[in-house]
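If you're matching positions, the sequence shown starts at 64 in our numbering and goes up one per residue. Backbone N, C-alpha and C fix where the C-beta goes; we use that ideal spot for every residue, glycine too. Beneath this line is the structure, given in structure tokens, with notes to follow.
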Amino acid sequence: MNAPSKRSTIYFEPEVHQALRLKAAHTHRSVSDLVNEAVRSVLREDQEDLAAFDERLSEPTMTYEEMLNDLKAHGKI
């Protein structure tokens with residue numbers, strides 16, 4: 064069973080609020096549904112980014128100069 068929803072006050076810029084209201088009306092969804100979906104999407108992207116960082120921890124690092132030299136050596140720049 065889903066936990067009960069929590070109430071929060073959020074202040075939107077007028078243009079963002081208007082766009083949300085229009086999209087909610089057009090899609091027959093609530094503003095809350097749209098905002099929850101958007102927040103979930105951003106959090107999911109953050110989680111994917113963190114997972115990618117964790118996966119790459121063991122990779123060797125190189126300085127900016129080393130990277131430039133490598134790119135030049137391989138004809139990339």
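1) The alpha helix (DSSP H) with SER104 in it runs from where to where?
2) Following the continuous alpha helix (DSSP H) through TYR127, name the residue where it begins and the one where it ends.
3) May I ask you to report which of helix, strand or coil DSSP gives PRO77?
4) Under 6 Å Cβ to Cβ from PRO67, same chain only, skipping five residues before and after it: list those, please.
5) Taking Cβ to Cβ, would you say VAL94 is nearer than 8 Å to ARG103?
Well, looking at it:
1) Along the sequence shown, one-based indexing puts residue 104 at 41. Note, SER104: alpha helix (DSSP H), 94-118.
2) Counting from 1 along the sequence shown, the entry for residue 127 is found at position 64. Run containing TYR127: 127-136, per the alpha helix (DSSP H) assignment.
3) By one-based count along the sequence shown, residue 77 stands at place 14. PRO77 falls in the helix class under three-state DSSP.
4) If you number the sequence shown from 1, residue 67 lands on position 4. Shown here for PRO67: not one same chain residue has a beta carbon closer than 6 Å to its own, the five before and five after excluded.
5) Working through the sequence shown from its first residue, we reach residue 94 at position 31. Working through the sequence shown from its first residue, we reach residue 103 at position 40. For VAL94 and ARG103, no; Cβs fall outside 8 Å.
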